[in-house]
Amino acid sequence: MKKLIVIIVSFISVSIGYSQDAHFSQYNHSRLNVNPAFTGCDSMLVISGHYRLQWPGSSSVYKATHFSMDKYFHAIKGGIGLSYLSDNQMNGTYIKTRMDLSYAAHFELFNHKLVLKPGIQIGYFQNSIDWSKLTFGDMIDERRGFVYSTNEVHPGVSKKSNIDLSMGLLLYSKTFFGGIAVHHLTQPDEGLIGPSKLPMKLTIHGGANLKFRKDSIGKFILSPTLLFMQQQDFQMLMPGITAKYRFISLGISYRNKDAFVTTIALQFKNFRLGYSYDYTVSTLDNDNTGRAHEIGLSGFLKFKRKNHCKIRTLRLI
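In my numbering, each number is its position in the sequence shown, counted from 1, plus 244.
In structure tokens:
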């Protein structure tokens, strides 16, 4: 019986990407999920929320939710951030949740033309399996399908929690930005039955904000970006480009061997609302289920205070 359960859990692990972290197509706006060094790179309080619905036409719906808030504090010459991630896989059969606290120092170089930000993130995560949603062979009727209750007894442990540590580095100027992050440095145990290390993840990202004067009403901004991620045997390369005029931005990117992503957003000084759609080009879409929808909302709140010291900030489109 235990052998059967181990086989089932192993199958779940392979089929849903057990060791892969949740990823958002609008990653530049769920930035604390990409690199802790992004913490406090805006002078305002930044509050963001993202929701991703993947494979909505299949029996294994994938949902991910990310909330974050971060701000630069002059007293500590750095930023502090708090983030929450919920990764709901296979209709709630397997759920990963985590809370992270991040800090990034702020160093301005070459007469404030360049900013260097090293960042660190400490997190607490919990993984859980809902055994009631698993199916076993003794539940099947040859003609009517899954109609019986199972006689299998699931193990007592259905949750696993642990502490996690990540670090990153960000470098940016008025025009260009780039960074590197390593998540899960301690490779904490996330196994629900036996020991299973959470693999380290390497992230390299960069881009530019190229501004062109279009007319007296507003500027035209072109932003090419590139994201590379590697976690165990999983690799992802995602080049993209976004164009913004006044308060409207349109973007397209390609996740290698997987999907094209289109994004439209409304972006003002204190508010951003974005929607993206993933069109899968891999074999997953043979049954027309390999699609994904994502919506992101960000608010930028300014606090007035005396003797405010200006810093060079970074805001992506």
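All C-beta atoms, glycine included, are put in the ideal place defined by N, C-alpha and C.
Going by beta carbon distance, what residues of the same chain come within less than 8 angstroms of residue i, once the five residues before and after it are set aside?
i: K513; result: F544
i: A220; result: Nothing in the structure corresponds to residue 220, since the chain is present only between 245 and 561.
i: S274; result: F268, S292, H294, H310, S312 and G540
Could you tell me the alpha carbon to alpha carbon distance between residue i and residue j, rounded to whole angstroms?
i: E538; j: P443; result: 26 angstroms
i: K613; j: G435; result: The structure shown does not extend to residue 613, since the chain is modelled only from 245 through 561, so no value can be given for it.
i: M334; j: G518; result: 26 angstroms
i: S405; j: Y338; result: 14 angstroms
i: M288; j: G336; result: 36 angstroms
i: K554; j: S372; result: 45 angstroms
i: Q475; j: A266; result: 11 angstroms
i: L429; j: N279; result: 13 angstroms
i: D344; j: I366; result: 6 angstroms
i: Q264; j: F478; result: 8 angstroms
i: I485; j: F515; result: 21 angstroms
i: D433; j: K357; result: 42 angstroms
i: Y306; j: D331; result: 8 angstroms
i: V426; j: I291; result: 24 angstroms
i: T557; j: S304; result: 41 angstroms
i: Y283; j: H350; result: Contrary to the premise, residue 283 reads as Thr rather than Tyr in this sequence. Rounded to whole angstroms, T283 to H350 spans 10 angstroms at the Cα level.
i: G325; j: A348; result: 9 angstroms
i: K546; j: K377; result: 46 angstroms
i: W375; j: K418; result: 51 angstroms
i: Q298; j: F491; result: 28 angstroms
i: N355; j: K548; result: 25 angstroms
i: S302; j: I508; result: 25 angstroms
i: I320; j: P483; result: 35 angstroms
Taking the alpha-carbon of residue i as reference, which of the options has the nearest alpha-carbon?
i: L510; options: G495, F504 and G450; result: G495
i: Q431; options: I424, G438, K445 and V359; result: K445
i: S467; options: A487, R457 and D331; result: A487
i: L276; options: Y416, S327 and D374; result: S327
i: G363; options: K340, I508 and Y316; result: Y316
i: I407; options: Y368, R559, S440 and H350; result: Y368
i: K560; options: S304, N453 and R457; result: A small fix is needed here, since residue 560 is Leu in this sequence, not Lys. Minimum Cα distance to L560 is reached at N453.
i: N272; options: E352, T506 and G450; result: G450
i: D353; options: S346, Y347 and K361; result: First, the amino acid is wrong: residue 353 is Leu here, not Asp. For the residues S346, Y347 and K361, the minimum Cα distance to L353 belongs to K361.
i: Q270; options: D374, S497, V359 and K546; result: S497
i: A281; options: V359, Q298, H318 and W299; result: V359
i: S410; options: L297, S346, K548 and A319; result: S346
Take residue i and list the residues in its own chain whose beta-carbon comes closer than 6 angstroms to its own, dropping the five residues that flank it on each side.
i: Y295; result: T309 and I539
i: G293; result: F311 and L541
i: Y489; result: F464
i: M473; result: T447 and M480
i: T341; result: S330 and Q370
i: F456; result: F464
i: V250; result: Only weak support exists for where V250 lies, its pLDDT of 46 falling under 50; the value from the coordinates is given anyway. Correct list: empty, nothing qualifies.
i: S440; result: E434
i: F420; result: A452
i: H300; result: The sequence given here has Pro at residue 300, not His. Excluding positions up to five away in sequence, the list is empty.
Since I believe residue j is in contact with residue i (beta carbons under 8 angstroms), could you give me their beta-carbon distance rounded to a whole number of angstroms?
i: N500; j: L481; result: 4 angstroms
i: G412; j: G422; result: With a Cβ gap of about 11 angstroms, G412 and G422 do not count as contacting.
i: D314; j: G323; result: 6 angstroms
i: C285; j: L415; result: In fact, because the Cβ distance is near 11 angstroms, the residues do not count as touching under 8 angstroms.
i: T506; j: S493; result: Not a contact, Cβ separation roughly 12 angstroms.
Using a Cβ cut-off of 7 angstroms (strictly closer), state whether residue i contacts chain B.
i: F268; result: Judged by its chain identifiers, the structure shown contains no chain B, having just a single protein chain.
**Prompt:** What are the start and end residues of each continuous beta strand (DSSP E) run of 3 or more residues lying completely inside the stretch 309-337, in chain order?
**Reply:** If we require 3 residues or more, the beta strand (DSSP E) runs fully inside the stretch 309-337 come out as 322-333.
**Request:** Kindly provide the ranges of any beta strand (DSSP E) runs that are 3 or more residues long and lie completely inside the stretch 452-497, ordered along the chain.
**Result:** Unbroken beta strand (DSSP E) runs of no fewer than 3 residues, entirely contained in the stretch 452-497, are found at 454-457, 463-475 and 478-489, following chain order.
**Message:** Report the start-end ranges of each beta strand (DSSP E) in the stretch 278-302 that is 3 residues or longer and not cut off at the edges.
**Reply:** Residue ranges of uninterrupted beta strand (DSSP E) with 3 or more members, entirely inside the stretch 278-302 and ordered along the chain, are 289-298.
**Request:** Output the residue ranges of the beta strand (DSSP E) runs that lie fully inside the stretch 411-457 and measure 3 residues or longer, sorted by chain position.
**Result:** Those beta strand (DSSP E) runs which fall completely within the stretch 411-457 and span 3+ residues are 420-427, 445-452 and 454-457.
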